[in-house]
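Numbering-wise (the numbering used here), the sequence shown opens with residue 1 and increments by one. Every residue, glycine too, gets a C-beta built ideally from N, C-alpha and C. Since the model is a prediction, treat every value here as computed from it, not as a measurement. Working notes, beginning with the structure itself.
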Amino acid sequence: MKTVIARPGFVLRWFAGPLIWAAHFLVVYGSESLACTRGGSHALVVIAATIVTLGALAATTALAVRRSRASGQGTAFMDTVAVALGFLSITAVLAMVLPAFLLSACMDVA
(Lines of atoms letter the chains of each structure in order from A and count residues from 1; the text may use other names and numbers.)
(Lines give C-alpha, C1' and ligand atoms only; values in the text may rest on other atoms or scores of the structure.)
Protein backbone atom coordinates (compact mmCIF):
# COMPACT_ATOMS: atom_id res chain seq x y z
CA MET A 1 0.00 0.00 0.00
CA LYS A 2 1.31 3.39 -0.99
CA THR A 3 1.57 6.05 1.71
CA VAL A 4 0.41 9.50 0.68
CA ILE A 5 1.92 12.49 2.41
CA ALA A 6 -0.72 15.17 2.99
CA ARG A 7 0.55 18.15 1.05
CA PRO A 8 -1.22 21.50 1.52
CA GLY A 9 -3.02 21.09 -1.81
CA PHE A 10 -4.49 17.79 -0.67
CA VAL A 11 -5.62 19.20 2.67
CA LEU A 12 -7.33 22.18 1.05
CA ARG A 13 -8.97 19.89 -1.50
CA TRP A 14 -10.23 17.47 1.14
CA PHE A 15 -11.53 20.12 3.54
CA ALA A 16 -12.82 22.67 1.02
CA GLY A 17 -16.44 22.14 2.08
CA PRO A 18 -16.01 23.00 5.77
CA LEU A 19 -13.67 25.89 4.94
CA ILE A 20 -16.19 27.42 2.53
CA TRP A 21 -18.98 26.89 5.07
CA ALA A 22 -16.90 28.60 7.78
CA ALA A 23 -16.29 31.61 5.51
CA HIS A 24 -20.03 31.83 4.81
CA PHE A 25 -20.75 31.59 8.54
CA LEU A 26 -18.42 34.50 9.26
CA VAL A 27 -19.88 36.66 6.49
CA VAL A 28 -23.51 36.04 7.50
CA TYR A 29 -23.11 36.56 11.23
CA GLY A 30 -20.56 39.35 10.79
CA SER A 31 -22.98 41.26 8.57
CA GLU A 32 -25.74 40.61 11.08
CA SER A 33 -23.64 42.12 13.86
CA LEU A 34 -22.84 45.16 11.74
CA ALA A 35 -26.50 45.55 10.77
CA CYS A 36 -27.50 45.55 14.44
CA THR A 37 -24.85 48.01 15.61
CA ARG A 38 -24.93 50.40 12.65
CA GLY A 39 -28.45 49.93 11.42
CA GLY A 40 -29.57 48.69 8.09
CA SER A 41 -30.47 45.39 6.56
CA HIS A 42 -28.22 42.45 5.94
CA ALA A 43 -30.65 40.40 3.84
CA LEU A 44 -28.93 41.26 0.56
CA VAL A 45 -25.55 40.24 1.97
CA VAL A 46 -27.00 36.95 3.20
CA ILE A 47 -28.62 36.19 -0.15
CA ALA A 48 -25.49 37.03 -2.15
CA ALA A 49 -23.18 35.14 0.20
CA THR A 50 -25.46 32.10 0.15
CA ILE A 51 -25.66 32.00 -3.65
CA VAL A 52 -21.89 32.29 -4.00
CA THR A 53 -21.30 29.72 -1.24
CA LEU A 54 -23.73 27.17 -2.63
CA GLY A 55 -22.16 27.55 -6.07
CA ALA A 56 -18.67 27.06 -4.67
CA LEU A 57 -19.77 24.07 -2.59
CA ALA A 58 -21.53 22.48 -5.57
CA ALA A 59 -18.40 22.90 -7.69
CA THR A 60 -15.98 21.55 -5.08
CA THR A 61 -18.29 18.65 -4.20
CA ALA A 62 -18.70 17.72 -7.87
CA LEU A 63 -14.93 17.83 -8.25
CA ALA A 64 -14.55 15.66 -5.16
CA VAL A 65 -17.02 13.13 -6.58
CA ARG A 66 -15.03 13.00 -9.81
CA ARG A 67 -11.74 12.59 -7.94
CA SER A 68 -13.11 9.92 -5.60
CA ARG A 69 -14.15 7.83 -8.61
CA ALA A 70 -10.76 8.21 -10.27
CA SER A 71 -8.50 8.17 -7.20
CA GLY A 72 -5.86 5.59 -6.57
CA GLN A 73 -5.39 3.48 -3.49
CA GLY A 74 -3.58 6.18 -1.52
CA THR A 75 -6.24 8.89 -1.51
CA ALA A 76 -9.52 7.02 -2.11
CA PHE A 77 -10.70 7.24 1.50
CA MET A 78 -10.00 10.94 1.92
CA ASP A 79 -11.55 11.76 -1.44
CA THR A 80 -14.70 9.97 -0.29
CA VAL A 81 -14.57 11.92 2.98
CA ALA A 82 -14.31 15.14 0.94
CA VAL A 83 -17.55 14.21 -0.85
CA ALA A 84 -19.31 13.60 2.47
CA LEU A 85 -17.99 16.86 3.94
CA GLY A 86 -19.15 18.74 0.85
CA PHE A 87 -22.71 17.46 1.21
CA LEU A 88 -22.67 18.13 4.97
CA SER A 89 -21.45 21.67 4.32
CA ILE A 90 -24.27 22.30 1.83
CA THR A 91 -26.74 21.08 4.45
CA ALA A 92 -25.13 23.28 7.12
CA VAL A 93 -25.34 26.38 4.91
CA LEU A 94 -29.03 25.80 4.20
CA ALA A 95 -29.74 25.13 7.88
CA MET A 96 -27.87 28.28 8.91
CA VAL A 97 -29.58 30.58 6.41
CA LEU A 98 -33.10 29.59 7.40
CA PRO A 99 -33.00 31.24 10.87
CA ALA A 100 -31.31 34.29 9.36
CA PHE A 101 -34.47 34.89 7.31
CA LEU A 102 -37.06 33.74 9.85
CA LEU A 103 -35.80 35.63 12.88
CA SER A 104 -35.06 39.29 13.36
CA ALA A 105 -31.36 40.03 13.42
CA CYS A 106 -31.59 42.56 16.23
CA MET A 107 -33.81 41.29 19.00
CA ASP A 108 -33.81 42.81 22.46
CA VAL A 109 -33.51 40.11 25.10
CA ALA A 110 -34.78 41.55 28.32
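A contact is defined here as three or more CB-CB pairs under 8 Å, and the region 14-34 meets this definition with respect to the region 46-56. Note on the region 1-80: whole alpha helix (DSSP H) runs with a minimum of 4 residues are 8-14, 16-38, 43-70, in chain order. In the structure shown, LEU88 falls within a helical segment according to DSSP collapsed to helix, strand and coil. One Cα belongs to THR75, the other to VAL83, and the distance between them is close to 13 Å. Cβ-Cβ distances below 6 Å link THR91 to nothing in the same chain once the five nearest sequence neighbours on each side are left out.
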